[in-house]
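Numbering (my numbering), first residue to last: 1348 to 1535.
Here is the structure we will look at.
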Ligand SMILES: [Zn+2]
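Written out as structure tokens, the structure reads:
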């Protein structure tokens, strides 16, 4: 029986590195992996996914209108890996349920649980509702505690207001423990 796996974390916990390692393991055994990355704009097509430790791979960009069922009926696929799964639509997560249950193809999705305001992303909310297996990948705050929150920085300062997805802005992100996210304390 195939399953839906949702592996979530704050930013910079090594999600993409783990995803690319899993892809490598499948392919080493001669299995076909479909690597998908939801776009936050209307782009479609191919893209390179790079992890911070230097691994990289080609991935297929999908947008909110992409029907994932069509991707598995066109060709043989042994496993689907999804990077940035927080940007999936709820509709697409329901399609993933069908892919797993009716086509018996495992889906492993990696993504952020919450945005910089501490609110669930739609894709993550649906995955938390429907995944068979939910696992947290851990990373740490500067204080050494587990970092669970994502902090948006604009000009080096934490902000708590704004759109969930910002395209082409000059913001950056760090992960903090909840206390330091609340306090906006980004360093000792
Ligand atoms: Zn902390």
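Idealized CB from N, CA, C, for every residue including glycine.
These figures come from a predicted structure and were not determined experimentally.
Would you please state the rounded distance, in angstroms, between the beta carbons of residue i and residue j? I believe it to be under 8 angstroms.
{"i": "residue 1426", "j": "residue 1365", "result": "Actually they do not touch by this definition, with Cβ atoms about 14 angstroms apart."}
{"i": "residue 1434", "j": "residue 1481", "result": "In fact, because the Cβ distance is near 18 angstroms, the residues do not count as touching under 8 angstroms."}
{"i": "residue 1396", "j": "residue 1403", "result": "6 angstroms"}
{"i": "residue 1293", "j": "residue 1401", "result": "No answer is possible for residue 1293: it lies beyond the span of the chain, which begins at 1348 and ends at 1535."}
{"i": "residue 1496", "j": "residue 1465", "result": "6 angstroms"}
For residue i, which residues from the same chain have a beta carbon less than 7 angstroms from its beta carbon, with the 5 sequence-adjacent residues on both sides left out?
{"i": "residue 1537", "result": "This structure leaves residue 1537 out entirely; the chain is present only between 1348 and 1535."}
{"i": "residue 1535", "result": "1489"}
{"i": "residue 1415", "result": "1439, 1442, 1443 and 1446"}
{"i": "residue 1370", "result": "1380, 1382, 1404 and 1428"}
{"i": "residue 1504", "result": "none"}
{"i": "residue 1359", "result": "1486 and 1522"}
Just to confirm, is the Cβ distance from residue i to residue j under 8 angstroms?
{"i": "residue 1355", "j": "residue 1438", "result": "no"}
{"i": "residue 1447", "j": "residue 1349", "result": "yes"}
{"i": "residue 1431", "j": "residue 1458", "result": "yes"}
{"i": "residue 1363", "j": "residue 1398", "result": "yes"}
{"i": "residue 1352", "j": "residue 1478", "result": "yes"}
{"i": "residue 1424", "j": "residue 1474", "result": "no"}
Here's a check: name, in chain order, each residue in its chain whose Cβ is nearer than 6 angstroms to the Cβ of residue i, leaving out the five neighbours to either side.
{"i": "residue 1494", "result": "1357, 1486, 1487, 1488, 1522, 1523 and 1524"}
{"i": "residue 1467", "result": "1461"}
{"i": "residue 1501", "result": "1518"}
{"i": "residue 1411", "result": "1436"}
{"i": "residue 1367", "result": "1398, 1402 and 1404"}
{"i": "residue 1492", "result": "1524"}
{"i": "residue 1511", "result": "1462"}
For residue i, which residues does DSSP report across the bridge?
{"i": "residue 1481", "result": "1353"}
{"i": "residue 1500", "result": "1505 and 1519"}
{"i": "residue 1408", "result": "1384 and 1392"}
Give me, in chain order, the residues of the same chain whose beta-carbon lies closer than 8 angstroms to that of residue i; leave out the 5 immediate sequence neighbours on both sides.
{"i": "residue 1384", "result": "1394, 1396, 1406, 1407, 1408, 1409, 1429, 1430 and 1431"}
{"i": "residue 1449", "result": "none"}
Practice task
Identify every run of the beta strand (DSSP E) within the stretch 1355-1406, keeping only runs that are complete inside it and at least 3 residues long; order them along the chain.
Solution key: Listed in chain order, the beta strand (DSSP E) runs fully inside the stretch 1355-1406 are 1380-1385 and 1392-1397, counting runs of at least 3 residues.
Practice task
Just list the beta strand (DSSP E) runs in the stretch 1416-1499, keeping only unbroken ones of 3 residues or longer that don't cross its boundaries, in chain order.
Solution key: You should have 1426-1429, 1454-1459 and 1480-1483.
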